[in-house]
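Participant:
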Amino acid sequence: MATEIRSKLLKMFTEAQGGFLSGQKISEELGCSRTAVWKHIEELRNAGYELEAIRRKGYRITKIPNRISSNEISLGLKTEALGRRIHFEESVTSTQKIAHQLAYDGALEGTLIVAEEQTAGRGRLNRAWHSPMYTGVWMSLILRPNLPPAKAPQLTLLTAVAIAQAIEEVTSLRTDIKWPNDILINKKKTVGILTEMQAEADKINSVIIGMGINVNQELEHFPEELHSIATSLAIELGKPINRAELIQMILLKFENLYHSYLEHGFYPIKLLWESYAISIGKKIIARTITGTLEGTAKGITEDGVLMLEDDKGHISYIHSADIEI
Ligand code: BTN
Numbered sequence: 000m001a002t003e004i005r006s007k008l009l010k011m012f013t014e015a016q017g018g019f020l021s022g023q024k025i026s027e028e029l030g031c032s033r034t035a036v037w038k039h040i041e042e043l044r045n046a047g048y049e050l051e052a053i054r055r056k057g058y059r060i061t062k063i064p065n066r067i068s069s070n071e072i073s074l075g076l077k078t079e080a081l082g083r084r085i086h087f088e089e090s091v092t093s094t095q096k097i098a099h100q101l102a103y104d105g106a107l108e109g110t111l112i113v114a115e116e117q118t119a120g121r122g123r124l125n126r127a128w129h130s131p132m133y134t135g136v137w138m139s140l141i142l143r144p145n146l147p148p149a150k151a152p153q154l155t156l157l158t159a160v161a162i163a164q165a166i167e168e169v170t171s172l173r174t175d176i177k178w179p180n181d182i183l184i185n186k187k188k189t190v191g192i193l194t195e196m197q198a199e200a201d202k203i204n205s206v207i208i209g210m211g212i213n214v215n216q217e218l219e220h221f222p223e224e225l226h227s228i229a230t231s232l233a234i235e236l237g238k239p240i241n242r243a244e245l246i247q248m249i250l251l252k253f254e255n256l257y258h259s260y261l262e263h264g265f266y267p268i269k270l271l272w273e274s275y276a277i278s279i280g281k282k283i284i285a286r287t288i289t290g291t292l293e294g295t296a297k298g299i300t301e302d303g304v305l306m307l308e309d310d311k312g313h314i315s316y317i318h319s320a321d322i323e324i
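Take the sequence shown: its position 238, counting from 1, is numbered 237 in numbering that gives the first Met the number 0, and each next residue is one higher.
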């Protein structure tokens, strides 16, 4: 269906405030035949709308789909640059993969890749990221900061703060951040962040920030092995969330923090990150690729590296690991 026809039709239904619209009225206002009206109604159904049809009364919408589209994200978006260009697809292998290609082809800073489903979503350490249709937020953001590659991990921590702030704003749920990039609610993983970059020796070309947010899944949407360790915002809140609104809020929080970061450096972000951090001051186990370390998490360095103190007072600097609290 042409987007203008759909918009017009949806506007008419909105104005009818849940009441019926006769086929006659729709055909007059859209300037099309009754058969064409029927076709447009079927197309709305295919797009996830539920409509009741009663003879002599007409049609009324009984359920609006909770789907995302470029339009829904753009309408009401309050950012200057982030998300102003959206590449949206129903189903992709991985938004990271598309983002890398677009970045390589010269996509501008702020370009956002969003999909309703990922068939090969990727997590850290080459793990799979479960990304079922119409339930979560699966997106990748392209940034082009003028920074040395060593600073890129700071952007992961900035992203975690932006998402934590946005979740709190939209749902009032309290979130915790587990170093470096997991957002937990009631100790269960709700968000994962994957930061990757295209860089030369001393200069970042692009940073691709992948964000996976479990939003409207019910427990049965998760594979059995994740039941005890993962959750969604809807499970924690007890009702579904408007995903387009959440995306808009993440982009807005992100842009504010990103501007602050580029202007004032990492320190203000570090303070915010620490206010959400769940592991600082606690005994943790860090599994790195070279081995397992145990100790107390002392905090993060100016570069976002985790400081772990063992029982002899020796500090290890952890750049990448899986943390067990
Ligand atoms: C993790 O915690 O391991 C990171 C998970 C990151 C998942 C997101 S979903 C959108 C983007 N596309 C991917 O394939 N991965 C990231």
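Every residue gets a Cβ at the ideal spot worked out from N, C-alpha and C, and that includes glycine. Keep in mind it's a predicted model, so treat the numbers as computed, not measured.
#1: Using DSSP with H/G/I as helix, E/B as strand and the rest coil, what is S315?
#2: For K77, collect the residues of the same chain with a Cβ closer than 6 Å to its Cβ; drop the 5 residues on either side in sequence, then sort them by chain order.
#3: Closest by CA to Q16, which one among R59, D104 and E219?
#4: Does the separation of the CB atoms of Q117 and T134 fall below 8 Å?
#5: Compute the distance between the beta-carbons of T291 and I284, then report whether it is under 8 Å.
#6: Check the DSSP bridge columns for Q16 and list the partner residues they point to.
#7: Rounded to whole angstroms, what is the Cα-Cα separation between K190 and G211?
#8: Taking a contact to mean a Cβ-Cβ separation below 8 Å, would you say I277 touches D201 in this structure?
#9: CB V113 to CB I67, shorter than 8 Å?
#10: Report back the beta-carbon spacing between N213 and S231 to the nearest angstrom; my notes put them in contact at under 8 Å.
#11: Could you tell me the alpha carbon to alpha carbon distance between D321 and G264, rounded to whole angstroms?
#12: Here's the rule I'm using: 16 or more other beta-carbon atoms within 10 Å means buried, otherwise exposed. How should K269 be labelled?
#13: In three-state terms, what does DSSP make of A46?
#14: Quick one: does the C-beta of M210 sit closer than 7 Å to a heavy atom of the ligand FMN?
#15: If you check the beta carbons only, do L305 and I299 fall under 8 Å apart?
#16: For V206, which of helix, strand or coil comes out of DSSP?
#17: Tell me the rounded alpha-carbon separation between E224 and K282.
#18: If you follow the alpha helix (DSSP H) that L251 is in, where does it begin and where does it stop?
#19: Under 8 Å between the Cβ atoms of D302 and A149?
#20: Within the segment 37-84, note down every full alpha helix (DSSP H) run reaching 4 residues or more, in order along the chain.
#21: For Q95, name the three-state secondary structure that DSSP assigns.
#22: For A102, which residues in the same chain have their Cβ closer than 7 Å to its Cβ, ignoring the five residues on either side in sequence?
#23: With a threshold of 7 Å, establish whether the CB of S171 neighbours any heavy atom of the ligand BTN.
#24: By Cβ distance below 8 Å, which residues in the same chain neighbour E244 in space, the five residues on each side in sequence not counted?
#25: I228 by DSSP, collapsed to three states: which one?
#26: Sort F253, I324 and Y275 by Cα distance to E108 and report the nearest one.
#27: With DSSP collapsed to three states, give me the class of M11.
#28: DSSP three-state call for H220: helix, strand or coil?
#29: Going by beta carbon distance, what residues of the same chain come within less than 8 Å of S26, once the five residues before and after it are set aside?
#30: Rounding to the nearest angstrom, what Cα-Cα distance links T155 and E28 in this structure?
Facilitator: Taking the structure as given:
#1: strand
#2: If we look at K77 and ignore the five residues flanking it on each side, its Cβ neighbours are L251.
#3: Comparing Cα positions, the closest option is R59.
#4: no
#5: yes
#6: Its beta-bridge partners do not exist; DSSP assigns none.
#7: According to the sequence shown, residue 190 is Val rather than Lys. Each residue's alpha carbon lies about 6 Å from the other.
#8: no
#9: yes
#10: A Cβ-Cβ distance of about 4 Å is found for the pair N213 and S231, placing them in contact under the 8 Å criterion.
#11: 26 Å
#12: buried
#13: coil
#14: Within the structure as shown, the ligand FMN is missing, the only ligands being the ligand BTN.
#15: It is a contact, given that the beta carbons lie within the stated cut-off.
#16: strand
#17: 25 Å
#18: Its alpha helix (DSSP H) spans residues R242 to H263.
#19: yes
#20: 69-73
#21: DSSP places Q95 in helix when its eight states are reduced to three.
#22: Here the set comprises I141, Q197, S205 and I207.
#23: no
#24: G75 and V169
#25: coil
#26: F253
#27: Note: M11 maps to helix in three-state DSSP.
#28: helix
#29: S32, R33, A35 and V36
#30: 50 Å
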